[in-house]
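According to UniProt numbering, the sequence shown is numbered sequentially starting from 1.
For every residue, glycine included, the Cβ atom is placed at its ideal position computed from N, Cα and C.
Reading through the structure tokens given below for one structure.
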Amino acid sequence: MSGEYVPGLEGVPATRSNISFVDGKAGVLEYRGIPIDQLAESSTFLETAFLLIFDHLPTKDELLSFEVEILGHRRVKYRIRDMIKSFPESGRPMVALQSCIAALGLFYPLQNESKEKYAYDSTIRLLAKMPTMVATFHQMRLGNDPIPPRDDLGHAANFLYMLTGKEPDPRAARIFDVCLMLHAEHTVNASTFSALVTASTLADPYTVITSAAGTLSGPLHGGANEEVIRMLKEIGTIERVRPYLENRLARKEKIMGVGHRVYKVKDPRATILQNLAQELFDRFGHSRLYDIAVEVERVCDELLGQKGIYPNVDFYSGLVYEKMGIPADMFTPVFAISRVAGWLAHWHEQLADNRIFRPTQVYTGSHNVEFTPLSLRS
Ligand code: ACO
Numbered sequence: 001m002s003g004e005y006v007p008g009l010e011g012v013p014a015t016r017s018n019i020s021f022v023d024g025k026a027g028v029l030e031y032r033g034i035p036i037d038q039l040a041e042s043s044t045f046l047e048t049a050f051l052l053i054f055d056h057l058p059t060k061d062e063l064l065s066f067e068v069e070i071l072g073h074r075r076v077k078y079r080i081r082d083m084i085k086s087f088p089e090s091g092r093p094m095v096a097l098q099s100c101i102a103a104l105g106l107f108y109p110l111q112n113e114s115k116e117k118y119a120y121d122s123t124i125r126l127l128a129k130m131p132t133m134v135a136t137f138h139q140m141r142l143g144n145d146p147i148p149p150r151d152d153l154g155h156a157a158n159f160l161y162m163l164t165g166k167e168p169d170p171r172a173a174r175i176f177d178v179c180l181m182l183h184a185e186h187t188v189n190a191s192t193f194s195a196l197v198t199a200s201t202l203a204d205p206y207t208v209i210t211s212a213a214g215t216l217s218g219p220l221h222g223g224a225n226e227e228v229i230r231m232l233k234e235i236g237t238i239e240r241v242r243p244y245l246e247n248r249l250a251r252k253e254k255i256m257g258v259g260h261r262v263y264k265v266k267d268p269r270a271t272i273l274q275n276l277a278q279e280l281f282d283r284f285g286h287s288r289l290y291d292i293a294v295e296v297e298r299v300c301d302e303l304l305g306q307k308g309i310y311p312n313v314d315f316y317s318g319l320v321y322e323k324m325g326i327p328a329d330m331f332t333p334v335f336a337i338s339r340v341a342g343w344l345a346h347w348h349e350q351l352a353d354n355r356i357f358r359p360t361q362v363y364t365g366s367h368n369v370e371f372t373p374l375s376l377r378s
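Right under this line is the structure:
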């Protein structure tokens, strides 16, 4: 084994997995072997979550009972609501979500049930309750009572309803459901790696997902779509795109929403999201920011294309969410309520063949340094 240090573990296999596959040169993404565009066309988020976690497309009965179980677990305990009420309204929603997920572990510890039943029940609870906790924090920070989930609405529509207080148009809800599918899984990205490391210690599932959520929150990972909207607003007009990008690159600053460790072509999810964004704006009104985004993509292609830097999943997702009335600081929690499906799939897979993660390091410090007593230190 080579002891060579690889910054960011680039190209280093950290696990074996049959959950998803990415070909970064060809722009291919598959979940359990099924191309993402087929799922986006024909599946739903919950069916895709089932596929990712249980390694097969559900039968009609399996899907129905999975959906019914999730529907039955959407509500959160009033003590969790009380806890959320005590959070500062100015707090970052991802930190609120991370705290809520950790708190679920207090309310649902492993008791007398089998480990298999606990794993299944925890999977259902996390998928069902995370959207409610995100929406509850949002309503409460606005000074409102939380909006209870509605049993007559599907997973995506119910979340939008709890978050915005308005029942979404069915086509908008379907587009949002596709967004959830597109973000559900993406091999061993930073947050999934975090989940694997925590899972490998046999920590409980709520702790595993708490770790992953914390890792997702950073601007180089799940926080990027919020930064994209901020950037597009800062640019303001199509004419300002080129000077803005050139200035930013001259200052050695990254352009948000472009570039990816694995994709060296346009992220296939960005292509699907752009089509969805286009449809949304055609149906529900034009977006000036979308025009600016298209120009950013064009100029980035000129300035950065030779380095293989193209739009990633975050480039167009924020525009779609904004059109649906989702506040920018909720974009990463929205990512989390989707990616939890992938994290859970990897947690199940890790436990099936577990070995605790314990990498090595390349030590760059000194040896045999003599201790200096405090009295002699200036
Ligand atoms: N803007 C400008 N230049 C970039 C960008 C970018 N967004 N991304 C990479 N580059 C350049 C780097 O400056 C570097 O150039 P150099 O070789 O001339 O020094 C080269 O491309 C390689 O960049 P790295 O930072 O080494 O690439 P890495 O694989 O480590 O980073 C990352 C990938 C973090 C996604 C990066 O592209 C980035 O910061 N993008 C912006 C943030 C973003 O959109 N994140 C979301 C990613 S998708 C997701 O997490 C869901």
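*Do you know offhand how far Leu51's Cα is from Thr372's?*
60 angstroms
*With distances taken Cα to Cα, identify the nearest neighbour of Asp291 among Thr136, Lys60, Ile235, Met181.*
Ile235
*Is the segment 314 to 325 touching the segment 218 to 226 in the sense that three or more CB pairs, one from each, lie closer than 8 angstroms?*
yes
*Report the option in Val68, Glu69, Asn158, Arg141 whose CA atom is closest to the CA atom of Met83.*
Arg141
*Under three-state DSSP, which class holds Ser20?*
strand
*Please determine, among Pro268, Leu126, Thr44, the residue with the shortest C-alpha to C-alpha distance to Ala157.*
Thr44
_So within the segment 294 to 327, which uninterrupted alpha helix (DSSP H) runs reach at least 4 residues, ignoring any that extend past its ends?_
314 to 323
_Assigned exposure category for Lys323 - 16 Cβ within 10 Å defines buried_ = buried
*What residues match up with Glu47 in a beta bridge as DSSP calls it?*
In DSSP, Glu47 forms no bridge with anything.
*asked:* Let me check understanding here. Comparing Cα to Cα, which of Tyr161, Lys115, Arg298 lies closest to Thr136?
replied: Tyr161
*What residue range is occupied by the uninterrupted alpha helix (DSSP H) comprising Glu246?*
241 to 250
*When DSSP labels each residue in this structure, what does Pro13 get in the three-state scheme?*
coil
*Would you kindly report the start and end of the unbroken beta strand (DSSP E) that includes Val369?*
That residue, Val369, is in no beta strand (DSSP E); it is neither H nor E in DSSP.
_What does the alpha-carbon distance come out to for the pair Glu89 and Ala195?_
28 angstroms
*asked:* Check whether the segment 233 to 248 and the segment 295 to 307 touch, using three or more Cβ-Cβ pairs below 8 angstroms as the test.
replied: yes
*Three or more C-beta pairs below 8 angstroms linking the segment 70 to 85 and the segment 208 to 221*: no
*What is the residue span of the beta strand (DSSP E) that Glu30 lies within?*
28 to 31
*Do the segment 256 to 275 and the segment 324 to 331 meet, that is, are 3 or more Cβ pairs less than 8 angstroms apart?*
no
*With distances taken between CB atoms, is the gap from Leu127 to Ala341 smaller than 8 angstroms?*
yes
_Going by beta-carbon coordinates alone, are Leu39 and Glu67 separated by less than 8 angstroms?_
no
_Residue from His286, Asp61, Ile238, Pro219 whose Cα sits closest to the Cα of Lys254_ = Pro219
*Confirm the yes/no value for this check: CB of Lys307, any heavy atom of ligand 1, distance under 7 angstroms.*
yes
*With DSSP run on the structure shown, which of helix, strand or coil describes Leu292?*
The amino acid at residue 292 is misidentified as Leu; the sequence shows Ile. Three-state result, Ile292: helix.
*Based on the DSSP output, what are the partners of Ile84 in its beta bridges?*
Answer by DSSP bridge pairing: none, since Ile84 is not bridged.
_Beta-carbon contacts of Val241 that lie in its chain and below 7 angstroms, excluding the five residues immediately before and after_ = Ile235, Ile292, Glu295, Val296, Val299
*Under three-state DSSP, which class holds Ile255?*
coil
*If you scan the segment 66 to 148 from start to end, which runs of the alpha helix (DSSP H) of 4 or more residues do you find wholly inside it?*
78 to 85, 93 to 107, 115 to 141
*Inspect the beta-carbon positions of Ser20 and Tyr31 and report whether they are closer than 8 angstroms.*
yes
*Heavy atom of ligand 1 less than 7 angstroms from the Cβ of His260, yes or no?*
yes
_Does Ile356 come out as helix, strand or coil in the three-state DSSP assignment?_
coil
*Among Gly165, Val134, Tyr310, which one has its Cα closest to the Cα of residue 383?*
Nothing can be reported for residue 383, as the shown portion of the chain is limited to 1 through 378.
*Can you name, in chain order, every residue of its own chain whose Cβ lies under 7 angstroms from the Cβ of Thr198, other than the five neighbours on each side?*
Thr207, Val208, Ser211
*In angstroms with no decimal places, state the Cα-to-Cα distance between Val258 and Lys266.*
9 angstroms
*Could you please give me the residues that DSSP links to Ile238 through a beta bridge?*
Bridge partners of Ile238: none, in fact.
*Alpha-carbon spacing of Asp152 relative to Glu69, whole angstroms*: 14 angstroms
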